[in-house]
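Chains F and S, in that order, give the protein sequences. One gets the numbering used here by counting positions in the first sequence from 1 and adding 7 to each. One gets the numbering used here by counting positions in the second sequence from 1 and adding 7 to each. Backbone N, C-alpha and C fix where the C-beta goes; we use that ideal spot for every residue, glycine too. Owing to the predicted nature of the structure, the values given are computational and were not obtained by experimental measurement. Step one of this worksheet: look at the structure below.
Number of protein chains: 2
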Amino acid sequence: MASPGLVPTPRTTAQRLPARGSHDRAAIEAILDEALVCHLGFVHEGQPFVIPTIHARVGETLYVHGSAASRMLRALEGGVPACVTVTLVDGLVMARSAFHHSMNYRSVVLLGTLRAVDDADRKLEALRAITEHVAPGRYAQVRPPNAKELLGTRVLELPIVEGSAKVRSGPPGDDPEDLALDCWAGVVPLALRAGAPIPAPDLRPGIGLPRELVDYSR
Amino acid sequence: MASPGLVPTPRTTAQRLPARGSHDRAAIEAILDEALVCHLGFVHEGQPFVIPTIHARVGETLYVHGSAASRMLRALEGGVPACVTVTLVDGLVMARSAFHHSMNYRSVVLLGTLRAVDDADRKLEALRAITEHVAPGRYAQVRPPNAKELLGTRVLELPIVEGSAKVRSGPPGDDPEDLALDCWAGVVPLALRAGAPIPAPDLRPGIGLPRELVDYSR
C-alpha cells in the first residue's frame, strides 16, 4: 500500500512554479536516501546556522549525529525548530538567455523539531543506519561503537512530517523569440562520481576492497 | 600581497578539532568559487529555512539571486541575519570502526546580513557573475537580461566578513587496537562529474558545443 504523502502546510507549499513542488512521501524519501549529506539549519542566539552533516532515514524518521561536545548538537537537543535540506545537483541548464539559465536538481526541505535520542538501543540503531546510508553492507564488517564511543556521540531525530520535495528536470525553457539565436542550448548532466578507492597507508596486506565500495555510486 | 584573513569570532571558531578550521580568505574564496550551489539559511516567523541556490563571489562580496516574487528573497531583503554554507564532498572515509567513519569535505560557513542590491548596474554585474560562476565564458554568448527580466529578478549581497572554512582530508584515523582487524580501510574519492551534454530538442542545426561546456568540471 502506498504510504500517504506529507500534509501540505503554507510554509511547505511552493508559491511560484508549483509544478516543481511535491509532498509525495516516496519522492521525498528517495531524495533523502540518495543524498550523502544534508544541510541542517537552526537558530542560536538569533543567528541562523547551516551545518553540513551526514543523515540517515529509518522509516518516517530522519537521524543526524555528531560529537556530544558539538555546540551545534548541544543547541539543538533542547528541541528547537530546525530545517533539514538535501540537494542533489543533476545538471546545468544552459539557455539562450542569461535569464533562463537554471539547474536541474532534486531537493527536499524538512521542517520540525530535532530531539535527542537517548535510548541506547535506538541510538545504536540510528548509528547503524547512518553507516549503512553511506555504504550499504558496511556496518556488519566494522567494529561497532563501544560504550565510550556511544557516550561521546549525540544522535538527534526529526520526524518526517512537514516538508516537501522540489524537482527541476529537462531542457531549458527559452522564450520563443530567442530560439533563433546563434547560441548552444541544452543540459550538461552532473552527478557525484567515485574515483578509484585509496587504501589506508596502514591497511594490512591481503585485504581486498569490499563489495559495497566497488564501483560505488549513489 | 596576500589578502588578510577573516577576523575569527567565537561563533566562527571551531571548538572541537580546531585543526580543521580556517579563517584564511584565499581558502574560503576557493571553496566558494568551486561550489556550484550554496545553502542559504534564514529565519522566518521563528522557523529556520535552508534553501539551495546558486551563488557567485565578486571580490569580498557573495551574491545570490532569485525571483522577485520569491518568499525567501522577500523575507531576506529587509536585512535579516543569514547564514550561507557551501559544501564540497571529496570522499568517503572508511575506517575499521563505525565510530571513525567520516567524510572528506571542504565547507565554508558565512554569517551576516543579506541586503537587496537595487542599483541596476550592480544588479546586472551580479547576474553576470552568477552565470560566469556556473560556466565561465558563457555570459558573452547569451542574450543578456532585458528590462523586464531585471525587474523580475532580485539580487541579494552578503559581505564576506564573518565566516570560516572547514576541511577534512586524508585517510581514516583508526584507533591503534583496530588496525589488526580484518577490514578494508581507506578513502573512496568523490567528485561532481559531468556527463555528455544533451542538446535542447529545439537546438538549431549546426550549433556546436561551446568551449566552456566541453569536458565541464568544477
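Chain S has no Cβ within less than 7 Å of the Cβ of Y70/F. Scanning chain F for C-beta atoms nearer than 8 Å to the C-beta of T138/S yields A105, H108, reported in chain order. Between A172/F and A21/F, the CB-CB gap reaches or exceeds 7 Å. A straight-line Cα-Cα distance of about 26 Å links V174/F and I38/S. In this structure, A147/S and A192/F do not form a Cβ contact; the two beta carbons are roughly 15 Å apart against a cut-off of 8 Å. The region 132-147 of chain S and the region 88-98 of chain S do not touch, with fewer than three beta-carbon pairs separated by less than 8 Å. Looking at the DSSP output, P183/F shares a beta bridge with no other residue.
Chain order gives the chain S residues near G215/F as W191, where near means a beta carbon separation below 9 Å.
The region 60-105 of chain S contains, as complete beta strand (DSSP E) runs of 3+ residues, the segments 68-74, 88-101 (chain order). When only Cα atoms are considered, E219/S and P143/S end up about 6 Å apart. Between the C-alpha atoms of N153/F and G66/F there is a straight-line separation of about 25 Å. Within the same chain, and ignoring the five residues on either side of S104/F in sequence, the residues whose Cβ sits closer than 6 Å to its Cβ are D185. Taking the beta carbon of H46/S as reference, the chain F residues within 9 Å of it are H46, G48, V57, P59, T92, T94, listed in sequence order. Burial check for S176/F: the Cβ neighbour count within 10 Å stays below 16, so the residue is exposed. By the CB criterion at 7 Å, E164/S and R122/S fall inside the cutoff. Per the C-alpha coordinates, the member of P59/F, A198/F, P217/F, V116/F positioned closest to R145/F is P217/F.
Collapsing the DSSP output to three states places E164/S in a strand. In this structure R113/S is buried. Its beta-carbon is surrounded by 16 or more other beta-carbon atoms within 10 angstroms. Within chain S, no residue has its CB atom less than 8 Å from the CB of P166/F, the nearest being about 15 Å off. Restricting attention to C190/F, D181/F, G170/F, V194/F, the CA atom closest to the CA of H30/F is found in G170/F. For S176/S, the closest Cβ of chain F is not nearer than 7 Å.
C45/F is bridged by DSSP to T60/F. Annotation for V141/S: the continuous alpha helix (DSSP H) segment containing it runs 127-141. The Cβ-Cβ distance between H72/F and H46/S does not fall below 7 Å. Distance between F49/S and G53/F, taken at the CA atoms: about 10 Å. For the 7 Å CB-CB criterion, A42/S and G159/S do not form a contact.
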